[in-house]
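Report on the structure given below.
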Amino acid sequence: MKKLFLLLAVSATVLSCSGKSEMDRFVDNLMSRMSVEQKIGQLNLHSAPGFVSALKVTDEDANVKLLKAGQLGGIYGNSDVDYLRGLQEIALSSGAGIPLLFGMDIIHGHETIMPIPLALSCSWNMDLIEKTARTAAQEATATGINWVYSPMVDICRDARWGRIAEGAGEDPYLGGEIAKAYVRGYQGHDNVYDSTEVLTCVKHYALYGAAEAGRDYNSVFLSRQEALNGYMRPYEEAAKAGAASFMSSFNEFEGVPASMNDFLLDELLRGRWGFEGFVVSDATAIAEEVNHGIGDLQEVSARSLKAGLDMDMNSDGYVGTLLQSVKEGRVSVSDIDRACRRILEAKYKLGLFEDPFRHLKGTGTVYTPDAREVAYQAACESQVLLKNNGVLPLRKDARIAVIGPFADDAREMSGTWTLSSHRSECVTILDGIRSISRGPVLHARGSDIFLSGEQEENMLFSTMRAFVPGYKDREVHTVSRSRLTAEALAASRQADVVVACVGELAAMNGEGASRTDIGIPDAQRQLLEELKATGKPIVLVLTTGRPLTLVWEDENMDAILCTWAQGTEAGRAIADVLFGKVNPSGKLTTSFPRSVGQLPLYYNHKNTGRPHPDEAPYKKFVSCYTDELNAPLYPFGYGLSYTAFSYGKPRLSASSMTADGGVTLSVDVTNTGAMDGYETVQLYIRAVFSSSTRPVKELKGFRKVFLKAGETKTIDFAITPDLLKYYNHNLDFVLEPGEFQLMTGPDSRDLRSVMLTVEAK
Ligand code: BGC
C-alpha cells in the first residue's frame, strides 16, 4: 500500500502543475483502486479522544484502530503536531494510503486569540477581519491543522441564543461581506493553497441562528422567501468566494433536518450558488436525525448521503450502515463515489497528495509579535462605546479604582471557543490600565458572578461537566459577599473614577448557552448599585458575548464601553481606549434590546399594517407593547466616538435610473470634534412599493473612513440594480421599478434620505 501511495504522490506532483482535469484524472485513478469500504472510510470524521488534550498514538486509541482499517477520512479537535504526524503516518500506510484532514474549531484565532466574531464584526473593517483569519491560518498550519471550522455566518436576531457570539450579527449584507473576508483570510486569494493556508468550513448551514425562542438546537420556522432575503446571503457569498467546505446545521428547515435537506444542500448550495466543495455534518447531526423522528441510523444515513451530505462527523452512521444500504439498494455506489470524490478533491487541492506532511513539520510559530499586533488592532476596533457623558477618556494621572470580577481574569478575556489559548498570554484589563496609568490604581474584585455559588459552579464548569459529572477545578465564592463589597467600596471612595468590569462569563454564551434573562447577573448588578451610591463617576466596562439588557445601566452609569471578549490583547486595547490613545470606532452589528420580551429584535424588520414609531409610547390598536417601547436601547450600526461627526444630506448624480443603469449617491461627512477618528458611514435603502413586502430599511453599503479633526470627506456609493433587488414571493431575485428611499448616516436610526426612481423598462 505504501508503494501505491508513493506512486500516487509522484503522479500528483507531476500533474498538479495544471488545472482541474489533472485533478479529475488523479482522483479517477485513485478511486479506481479503492474498495467501497475504503471509499466509505473517507466519509468518516472523528474527534480526537479527550478533545484538545495531549495525546500519544497508541493501539488502544479507537481512532488508530479505525485508521488501520482504512475507516477514517479525517480527525478533528487536536493540534499536537507529534500526535497528528503519527496519525498521518498510519493513514499513509493503511487502507488506500490517503492522507487525513485535520480539522479544528478555530473560530477567532488559534493560540493568539482575536476578539470573538461578534466583536470583530463591529469593526466593520474587512481587511482587518481578513488579517485575523490569515493569522489564525498561519498558527493553525504551524500546529498541524489544515481545515478550520470557520467562518460561522449564521444571522441571528435573538440575543437569547448564545451562539450569537460566534457570528457577525443580524444583517445579511454585512454578514456576506464578512464571510468573504474570512474565506480570503483562511484560504488566500487564489485557488492554490500555500502551506500556511487552510480549508474553511462555513457553518452552520443553514439558518441555525433562527432557532425558535433563541433556544439552541431548536427548530427553525421561516418561509423560503424570508430565509433568502434575511439569512442566506452570507452562506451564498462564502460559497461564491470559493469556500472549500460547508457544515450542515443541527436544526430542521421546512420539516426536514438540514443535514438531509435536498433544497438546502442540493438545490440552493450546489445548484444555485455553484458550490463545488464538500459538506460535513455538524457533530453527531446524522445520529440526531433519529431524534428528529425521521428513521433509524441506517435510514437517516442513507437519506443524508443522497441529499448531498458528504462527510459524517462523529455519528458513525456512514461507516456503520452505508455498506448494508448499498446491499439493500437504499444507496448506490455512485452516491458514495460522489461524496468520496469531493473529499479527495479537497485533499488534492490542499496539496496533501504532494506532501501529506506539509503542515506537520512543526516549524511554524505562534504568538509572534505580528500575530499579537493583529489581535491588538482587532481588539481596538471592535470595542463599542455605548454611552459617554464626558467621563471618558480618562486622565492618565487620575486615581482609578478597577473593580469587578472581570477586572483581573485572564481566562475570561478569551471568550467562547478558544480551545488552544493559553491564559498566561492574555493581558487583563487591570494589567492594561496599570501599564498606562500615571496615578494610583486600586483594585478589588467586588463581587462574584452570581449570588448563588451553585449557579456559579454550574456555569463555570458547564462544558467539563457535560463529560465529567461534578467536575470542578477550583473553589468559587471563597470570600464573603460583605467583604467583597466592603473592599470595592473602600477602593472606590479613594478614587476619582471607578472602572467597573462586569458582564457574562464566556460559558454563558457560545454553544448550548441560551439565556432567558439577558441582564448583568444579579451579584454584579448589586455591586453596580453599591458603587453608584458612592457618587463617584463610573465607567462600565462590559464583557459579554451577546447584547444585554442595560436600561438601568444606561440611566445610572457615566459611560459604557462594550468590549465583548477581546482575546489575547484585551487589556492593552481596552486601556488604550479608556485613556484615549485609541479613539473608539466600533459600531453595533446587533441591536441591544431594552427588554428580553422584545426579542427577536432587528432593525431590518417589516412595517406591519399598523406600524408605530419606535420611540412612541403605548397606543391601542397599533403594533406595539403596553409596557415597553418598540425601540432597541442601542440600535444596529450605533457606536460613539470621542469626536463627533456631522452628515450632510445625501445627493444623487441623477434622480432616476433605468433597470440596467446606475447612479452615484454622495454624502459629506465632517469630523466636527477635536480628535481624529474613524467613522463608518452607512447606506440603507427602502423600497416604497414592491410586489412583496420588504423591510423598513436594509443596509446596502458602508465605508469606514478616517477623518482628522475638522476634516470633511465626500463618500460615494455606487447604486446598482443588484443593490435594489430582492427575492419576491416566487423566489425570483428581481428589481422592481418604482421609488426607493436611500438613506445615509452614522447608524440605522439616525438617517437622512433622498429619493430615487427606478424607471419601468
Ligand atoms: C458545533 C460546531 C463545531 C462542532 C465540532 C458542534 O457541536 O455546533 O460549531 O464545529 O461541534 O466541534
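Going by this note's numbering, the sequence shown opens with residue 306, and the numbers climb by one from there. Yeah, the Cβ is synthetic: ideal placement off N, Cα and C, and Gly gets one too. None of these values were measured; they are calculated from a predicted model.
Handout entry: Beta-carbon gap between V887 and L866 smaller than 8 Å
Key = Residue mapping note: residue 887 aligns to position 582 of the sequence shown, counting from 1. Residue mapping note: residue 866 aligns to position 561 of the sequence shown, counting from 1. Contact flag unset, no.
Practice task
For the stretch 649-657 and the stretch 621-633, state whether three or more C-beta atom pairs, one from each stretch, are separated by less than 8 Å.
Solution key: No, because fewer than three Cβ pairs between the stretch 649-657 and the stretch 621-633 fall closer than 8 Å, the two stretches do not touch.
Handout entry: Residues bridged to H910 [DSSP beta-bridge criterion]
Key = Taking the first residue of the sequence shown as 1, we reach residue 910 at position 605. DSSP output for H910 lists no bridge partner at all.
Practice task
Could you round the C-beta distance between V1010 and E984 to whole angstroms and report it? I think they count as a contact, below 8 Å.
Solution key: By one-based count along the sequence shown, residue 1010 stands at place 705. By one-based count along the sequence shown, residue 984 stands at place 679. Contact holds; Cβ gap of about 6 Å.
Exercise for the section: Go through the stretch 702-753 residue by residue and report every complete run of the beta strand (DSSP E) that reaches 3 residues or more, in order. Expected result: Within the stretch 702-753, the runs of beta strand (DSSP E) at least 3 residues long that lie entirely inside it are, in chain order, 705-708 and 746-749.
Handout entry: Inter-residue spacing [alpha-carbon to alpha-carbon] between D571 and G824
Key = As a first step, residue 571 must be located in the sequence shown, where it is residue number 266. As a first step, residue 824 must be located in the sequence shown, where it is residue number 519. Going from the Cα of D571 to the Cα of G824 covers about 41 Å.
Problem - Nearest candidate by alpha-carbon position, reference L335, set E920, R646 and Y989 - result: Here residue 335 corresponds to residue number 30 of the sequence shown, with the count starting at 1. Among E920, R646 and Y989, the Cα nearest to that of L335 is on R646.
Exercise for the section: Quick one: residues in its chain with C-beta nearer than 8 Å to the C-beta of P404, no 5 flanking neighbours on either side, listed in chain order? Expected result: What you label residue 404 is simply residue 99 of the sequence shown in a count that begins at 1. So the qualifying residues of the chain are Q393, A396, L397, K652, L657, F658 and P661.
Problem - Integer Cβ distance of V968 from G876, believed to fall under 8 Å - result: Stepping through the sequence shown from its first residue, residue 968 is reached at position 663. Stepping through the sequence shown from its first residue, residue 876 is reached at position 571. Rounded, the Cβ-Cβ distance is 47 Å, inconsistent with contact.
Exercise for the section: Return the CA-CA distance between L320 and L1040, expressed in angstroms with no decimal places. Expected result: Here residue 320 corresponds to residue number 15 of the sequence shown, with the count starting at 1. Here residue 1040 corresponds to residue number 735 of the sequence shown, with the count starting at 1. The pLDDT assigned to L320 is 42, lower than 50, so where the model puts this residue is not dependable; a value taken from the coordinates is nonetheless given after this. Between L320 and L1040, the alpha-carbon positions lie close to 45 Å from each other.
Practice task
Using three-state DSSP, classify G408 as helix, strand or coil.
Solution key: Within the sequence shown, residue 408 is the residue found at index 103, counting from 1. Looking at G408 - three-state DSSP - the assignment turns out to be strand.
Problem - R577 in three-state terms, based on DSSP - result: Position 272 of the sequence shown, counted from the start, is the residue given in the question as residue 577. Shown here, R577 sits in a helix according to DSSP, grouped into three states.
Exercise for the section: Could you tell me whether the Cβ atoms of T505 and S550 are closer together than 8 Å? Expected result: For the purposes of this step, residue 505 is taken as the residue at position 200 of the sequence shown. For the purposes of this step, residue 550 is taken as the residue at position 245 of the sequence shown. Their beta carbons are under 8 Å apart, which means T505 touches S550 by this criterion.
Handout entry: Through-space distance from N451 to L938, alpha-carbon basis
Key = Mapped onto the sequence shown, residue 938 falls at position 633. Mapped onto the sequence shown, residue 451 falls at position 146. Using only the alpha carbons, I get a separation of about 42 Å.
Problem - Residue range of the beta strand (DSSP E) that includes C867 - result: As a working mapping, residue 867 is identified with position 562 in the sequence shown. Per DSSP, C867 belongs to the beta strand (DSSP E) from A864 to C867.
Problem - Through-space distance from R999 to N912, alpha-carbon basis - result: As a first step, residue 912 must be located in the sequence shown, where it is residue number 607. As a first step, residue 999 must be located in the sequence shown, where it is residue number 694. One C-alpha to the other measures close to 8 Å.
Exercise for the section: Return the Cβ separation of R991 and Q1046 in integer angstroms, given the expectation that the two are a contact with Cβ distance under 8 Å. Expected result: Position 686 of the sequence shown holds residue 991. Position 741 of the sequence shown holds residue 1046. With 8 Å as the limit, R991 and Q1046 qualify as a contact, their Cβ atoms being about 4 Å apart.
Problem - Three or more C-beta pairs below 8 Å linking the stretch 740-759 and the stretch 701-719 - result: Result yes; three or more Cβ-Cβ pairs closer than 8 Å.
Handout entry: Local Cβ density within 10 Å of S890, reported as buried at 16 or more and exposed below that
Key = Start at 1 with the first residue of the sequence shown, and residue 890 comes out as number 585. Burial call: buried.
Practice task
Along the alpha helix (DSSP H) that carries M1048, what are the first and last residues, could you check?
Solution key: In the sequence shown, the residue the question calls residue 1048 occupies position 743. Premise fails: M1048 lies in the beta strand (DSSP E), G1043 to G1050, not in any alpha helix (DSSP H).
Practice task
Specify, as a first and last residue, the run of the beta strand (DSSP E) that D459 falls within.
Solution key: As a position in the sequence shown, residue 459 is number 154, starting the count at 1. Boundaries cannot be given for D459, as no beta strand (DSSP E) includes it and DSSP labels it neither H nor E.
Problem - CA-to-CA distance, P922 to F1007, given in whole angstroms - result: Mapped onto the sequence shown, residue 1007 falls at position 702. Mapped onto the sequence shown, residue 922 falls at position 617. For the pair F1007 and P922, the Cα-to-Cα distance works out to about 32 Å.
Problem - Check: Y454 C-beta below 7 Å from any heavy atom of ligand 1 - result: The residue you call residue 454 lines up with position 149 of the sequence shown. Yes, the Cβ of Y454 comes within 7 Å of a heavy atom of ligand 1.
Exercise for the section: Measure the CB-CB distance between P562 and H509 and report whether it falls below 8 Å. Expected result: By one-based count along the sequence shown, residue 562 stands at place 257. By one-based count along the sequence shown, residue 509 stands at place 204. It is not a contact, given that the beta carbons lie outside the stated cut-off.
Exercise for the section: Spell out the partners DSSP gives K1009 in its beta bridges. Expected result: For the purposes of this step, residue 1009 is taken as residue 704 along the sequence shown, with counting starting at 1. K1009 has T985 as its beta-bridge partners, per DSSP.
Handout entry: At least three beta-carbon pairs within less than 8 Å, the stretch 852-866 to the stretch 809-829
Key = Here the stretch 852-866 lies against the stretch 809-829, with 3 or more beta-carbon pairs under 8 Å apart.
Practice task
Check whether the Cβ of M769 lies closer than 7 Å to any heavy atom of ligand 1, and answer yes or no.
Solution key: By one-based count along the sequence shown, residue 769 stands at place 464. It does not: the Cβ of M769 is nowhere closer than 7 Å to a heavy atom of ligand 1.
Handout entry: Touch test, the stretch 745-754 against the stretch 895-905, Cβ-Cβ under 8 Å, three pairs minimum
Key = Short answer: they don't touch.
Exercise for the section: Sort out for me which residues DSSP pairs N693 with in a bridge. Expected result: Here residue 693 refers to the residue found at position 388 of the sequence shown. BP columns for N693 point to A864.
Exercise for the section: Please indicate yes or no: does the CB of H509 lie closer than 7 Å to some heavy atom of ligand 1? Expected result: Residue mapping note: residue 509 aligns to position 204 of the sequence shown, counting from 1. With a threshold of 7 Å, the Cβ atom of H509 counts as near ligand 1, since some heavy atom of the ligand is closer than that.
Handout entry: Integer-rounded CB distance, given that D459 should sit under 8 Å from Y513
Key = Position 208 of the sequence shown, counting from 1, holds the residue named residue 513. Position 154 of the sequence shown, counting from 1, holds the residue named residue 459. Correct: roughly 5 Å between the Cβ atoms.
Problem - For C806: DSSP bridge partner residues - result: The residue given as residue 806 occupies position 501 in the sequence shown. According to DSSP, C806 bridges with V846.
Exercise for the section: Check whether the stretch 535-548 touches the stretch 478-485, taking contact to mean three or more Cβ pairs, one atom from each stretch, closer than 8 Å. Expected result: They touch, by the three-pair rule.
Handout entry: Given G535 as reference, the closest of K925, D1055, K1030 and T1062 once Cα atoms are compared
Key = Here residue 535 is taken as the residue at index 230 of the sequence shown, counted from 1. Ranking K925, D1055, K1030 and T1062 by Cα distance to G535 puts K1030 first.
Exercise for the section: To the nearest angstrom, report how far apart R798 and T839 are at their CA atoms. Expected result: Start at 1 with the first residue of the sequence shown, and residue 798 comes out as number 493. Start at 1 with the first residue of the sequence shown, and residue 839 comes out as number 534. So the two alpha carbons sit approximately 7 Å from each other.
Exercise for the section: Taking M980 and L1061 to be in contact with their CB atoms under 8 Å, please state how far apart those CB atoms are, rounded to whole angstroms. Expected result: As a working note, residue 980 is residue 675 in the sequence shown. As a working note, residue 1061 is residue 756 in the sequence shown. Incorrect: roughly 35 Å between the Cβ atoms, too far for contact.
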